Each structure stands twice: as structure tokens, then as C-alpha cells.
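Below is one structure; the comments refer to it alone.
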């Protein structure tokens, strides 16, 4: 009797697990699926109330979004801004992350806390002073200005992530390189960077995605050189509903593709080791 | 072959004196072991010599070159790290060739030297593998190969065997020692394992609290420890320490406490008679220098009795803990003895093997 009872209990537990996992997956996926379907649905199908799943698909709204509403320009701007943000935060974040990971110095913990503290001020509070400063400097409504602002937002997180990634590379590898003939700088570039590269690349892409998705600062700082989210906020939101879905889709797709490719490194990025 | 000389070397971390005024002279081609418990400063001392740690004060000489302020790469040294530090993104071959490439050897020289060292360490069939595909022992060999391929002036080793399993450790111990004898490279080897130190070191520096307690060969360290620390650190089980007073009866000096009276042999009489204070001494006797009645190696012994509190039956040896008035007396005797706990046992203390220490200074009198 006992020997039969245990497998049944196990089976039930398995079913419950599958059920719960299913619910979570549906919870996260359904908006994505909904947006994707609606993005491609023909307007006729979209407005037919009894049709839950549309059967006629079209690329027309992509056309009107890209060319009619000039989203292609915004996409180009977004790529430039996000690319610059990625580059800047990489260049600035690397030495800062290295310092935090390898050295003990007074105020180190305070500095780390400060990195997080930058996230405590609401953007609304910062936005107006930022705009005024940027206008005085003459960088408002430029790609540079937006990426500078984005870098400022992303950098603290990137620094913390970089420091945890670099901490994952044993200092012995670097010291061995120094013993066997390299300077600290060369040891860093020839030993540490190659070993940390997957994680560093993943976090750089993460910086890209953060900038790509950022809408508030981008909207306030720009009028003509708008990034995609800012542009969509202005144009597509005043358009028919099915266009909004299309806009949502083209915004979400690249970010999701990026995350898909770096998903393996996302865990290590935060300094969590699964070993 | 190079002579290494340390002069008044100090390394402080804030107020912690990790290395506290060390003078040391290592003769060319010597294998010196830095031995001590964790936190004694042995690794810090090694890192100072490597240049990975900047010294607070003092000087380091290789022959007559003052290298105290040179960066590690300019010292012409190499090092084997505790966790090997074999670079995971390079093949074994590239790992070994790395120091040679930096030093701008020609392709042909690199090829020849890599083959030479790979044969020497028996890893010639692993050259194209990545470290992740190697076992711990093989990685260890790669680390050693990388360290000796460039024929360094000084070879530094930081507990290189501590991550290996016991069997492999014994084998590598002999191999590294033989290798060093063949290459005749001045070697400084850090370990906390006294067996490694005793078997490998030409001379051993015993460290504690950033200070060299004793520097000598294994014979001196074992037979003539200069203080209680060295006496207690070397040897397993630990030396018995018994607090005693000096008693003078019928022209004979005794080292006595409750339940034990150890006569001092004539050859040591002078040293004892000079002592003005009669109290506060520590008698030291190693467990292996106390014999069971049937195994006495000499007749210069003193007999003492006690109840067996506990017996460690290692079969190759037997370690007996004997209950005495002053505490437990530990005896180690070779062979598989039938000892019953709780029984009375008579043992013989070898009088020529006793040590005497001052309690306050902890220094050895003999």
C-alpha cells in the first residue's frame, strides 16, 4: 500500500507545480502575445468585437508608423542614444567597478550606497533643473544631451554590476599575470577583461535596453530629436488603438531579443553565483 | 641561483603588524620553507618578496640588487599560487608559453622550452587542453610548469599542495622537491603543514605573529626548539608541557611537580644549576620520547604511572592519554598495542630528550 501511495503524492505535487508554473507563464506572456497579435491584426478584425483572435493580418500599420509618423527617424535616434549610453557607461563604469571590486579605501561602502541613492530621487524632481542646465549648456534636444542624461541614470547600476562581475574574476589570475611579466594595466586588459567579457557585454546590453526603454527624461529633454518611446508617446498615442499596439510591439521586440541572447549572463551580472 | 636577503622587513596593515621586522638570508639554490599557523604572516612575507605587496619598511636583496621597490614583473621571479591561477581562457600550452612570450623569446625557443618543461612534469599530452578539462593535480602541474619555464631567479610557492587530495599531495611533495634539486633554483615555499616543511625544506623558518621564531634545518627545529611555540607547533601529537619547579636533592637536580619527578642528567646539570629562580619552568617532552615498559630504548629513563584515559588506536601507532595529577600525559608508541582504557600503565620518560622552558619568556633553556 505504502509503495503505491508515495508515487501518487509525488504525481500530485508535480501536477500542482506544473499548474503554478503555467499560471506564472501565462501571466507574463499574455500581454506580450496580445500586443503581438494586435500589432499585426488588420483594423477590420481588430474592431470586430466578437472576434477574439483576428484572422486577417497586415503590415499596413507598420508602414504608417514607420513612414507616416516617421518612427524610423526615432528608431535611429534611439539606437544612437542607447549606443552612446552603452559606450559611455562602459568606459566610465569599468574603472569605477574595478576600483570597487579590487581596492579597499575609505568611504567605499558609502560610495556604493551613494550609487543606489541616486535611484531614490524621483525623476520628476530632477527633470526641470536638468532641462535648465542642459539648455544653458546647449545640449538640450540633442542626441548627446539625452545620452548624457541616460548615462547618469544607468551608470550607478552599471558600476555596481561591473564591480560584482569583476569580483567574480579571481584576483589571483591578475596577480599571476603581474608576476609573469605584465603591468597591472596590461594584466587587466589581457587577463581580467577577457575573463569578464561575457558578463560585461551582457551588462552593456542591459544599459542599452534601459536607455532604449526610458521615456520620461527623453520626452522632457527633446522636441525634435526624440527617441522612439518619446516619439511614440507624442504621435502614436494620439492615433487609432491598433497603431498603439504596433508601436508597443516595435518598442518591446528589440529589448526582448537582447534579453533573450544575454539571459545566461543575467544571473551572474548581479553577482549571484549558482555554483 | 641567487641569494635572497631580507633586512628589517616590515609590513603593516593599518595597525596589524603582519610582518614585523624580519631578517633572513637564504643561500643560493636553497629550498626554504616558511612555516606557521594561519595568520602568522607567512603569506604576506612571500607576497612582499614577490612584489605583489609593498613593504612598509626594510629591504629585499636578490644577490646584491636591492629589489624592494621593483614591480613584480621586473624581479624575474615566478610563483605557484594556492589555487593554481592557471588562466582558464588559455590552453595549457599558452599558459606555459605566456611568460616566455612576454619576455619576447623567439617562436622556436618558446616551442623548445614548452616541450622541455611539459616533459619534465609529464603533461606533454595535455598541451592543447583548457584548464577546465584538467584535474586538480594536472592543473597543479601546469602551474608549476609555467613557474619554472622561464628559469626564474627565485621560485615562490604559496601552499601549492593544499588543494590536492592526500595521496596526490604526498606524491607531489616528492616531485617538487626532486624538481627543485634538479633545477637548483632558490625556492621559498609557504605552508602550514609541518610534514611538508620537514620533508621538503633545506631550512625552515617558523613564523608566528609576523616574527621568525626559529630558522634552521628540520633536525634543529625538531630537536632543539628555541621556544615553547616552536616546540609545540612541530611534532604530532603535540609535545607535553608540564609546569615544574627545580628541586635540589642529594647532588641531583629534579624537575618536579605533583606526581612526577624528573632527574636532570649530568650533561644538563650546569644549565640548571645556573638558574637562580626555582619556580616557573615548563618541562617539555615529546609523546614519542615516552616509552611503554617493554620498548625502552635507553636506561636513562624515569618511570611514571597513570590510568589510561583514552587510547587512539591508529594501528600503525598507538597514542595513549594518561591521567596524571598535572593533567593528561600523551604517549606515542609505534605498533598496534592492546591498551585498555581505565587500566594503570607504567611508562618511561627518556631523560636525554627532555626540554626545559622559562615560563615567562617562553624561551628554551635546553
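Chains as they are written, first to last, in the working numbering: chain D, 3 to 277; chain L, 62 to 427. Glycine included, each C-beta is placed from N, C-alpha and C at the ideal position. Because the structure is a prediction, the values reported are computed rather than measured.
Query, Result
"Residue 416 (chain L) - containing alpha helix (DSSP H), residue span", "Counting along the chain, residue 416 (chain L) falls outside any alpha helix (DSSP H), though it belongs to the beta strand (DSSP E) covering 416-419."
"Exposure label - residue 88 (chain D); buried when at least 16 CB within 10 Å", "buried"
"Whole-angstrom C-beta distance between residue 321 (chain L) and residue 415 (chain L), which should lie under 8 Å", "With a Cβ gap of about 11 Å, residue 415 (chain L) and residue 321 (chain L) do not count as contacting."
"Contact list for residue 140 (chain L) against chain D, beta-carbon separation under 9 Å", "177, 178, 181, 182"
"Through-space distance from residue 30 (chain D) to residue 22 (chain D), alpha-carbon basis", "13 Å"
"Range covered by the beta strand (DSSP E) that runs through residue 77 (chain L)", "77-87"
"Closest by C-alpha distance to residue 100 (chain D), when choosing among D:61, D:86, D:168, D:64", "D:168"
"Residue from D:152, D:234, D:266 with nearest C-alpha to residue 252 (chain D)", "D:234"
"Straight-line gap, residue 253 (chain L) to residue 202 (chain L) (C-alpha atoms, nearest Å)", "21 Å"
"is_contact[residue 276 (chain D), chain L] using C-beta, thresh 9 Å", "For residue 276 (chain D), the pLDDT reaches just 42, beneath the cut-off of 50, and the residue's location in the model is therefore unreliable, leaving the point undetermined."
"Three-state secondary structure (DSSP) of residue 357 (chain L)", "coil"
"Endpoints, the alpha helix (DSSP H) within which residue 138 (chain D) is located", "125-139"
"Residue 196 (chain D): contacting residues in chain L (beta-carbon distance under 8 Å)", "150"
"CB contact below 9 Å: residue 167 (chain L) versus chain D", "no"
"Extent of the continuous beta strand (DSSP E) run through residue 322 (chain L)", "321-324"
"Which residues DSSP lists as bridging residue 363 (chain L), in chain order", "L:410"
"Same chain, Cβ closer than 6 Å to residue 250 (chain L), five either side skipped, listed in chain order", "94, 218"
"9 Å Cβ cutoff met for residue 65 (chain L) and residue 123 (chain L)", "yes"
"Whole-number beta carbon distance between residue 181 (chain D) and residue 260 (chain D), since they are thought to touch under 8 Å", "About 39 Å; that fails the 8 Å criterion."
"Residue burial classification, residue 300 (chain L) (beta-carbon count within 10 angstroms, cutoff 16)", "buried"
"Three-state secondary structure (DSSP) of residue 309 (chain L)", "strand"
"Residue 133 (chain D) Cβ short of 8 Å to the ligand ATP heavy atom set", "Within the structure as shown, the ligand ATP is missing, as the structure has no ligands at all."
"Separation of residue 74 (chain D) from residue 122 (chain D), as counted between CA atoms", "34 Å"
"Alpha-carbon to alpha-carbon, residue 140 (chain D) and residue 98 (chain D)", "28 Å"
"First and last residue of the uninterrupted beta strand (DSSP E) at residue 205 (chain L)", "First-last for residue 205 (chain L): 197-209, but that is the alpha helix (DSSP H), not the beta strand (DSSP E)."
"Selection from L:280, L:126, L:92 that minimises the alpha carbon distance to residue 261 (chain L)", "L:92"
"Interface residues of chain D facing residue 163 (chain L) [CB-CB closer than 8 Å]", "182, 183, 184"
"Burial state of residue 196 (chain L), where buried means 16 or more other Cβ atoms lie within 10 Å", "exposed"
"Distance between beta carbons of residue 157 (chain L) and residue 215 (chain L), contact taken as under 8 Å", "Not a contact, Cβ separation roughly 19 Å."
"CB of residue 78 (chain L) within 9 Å of CB of residue 270 (chain L), strictly", "yes"
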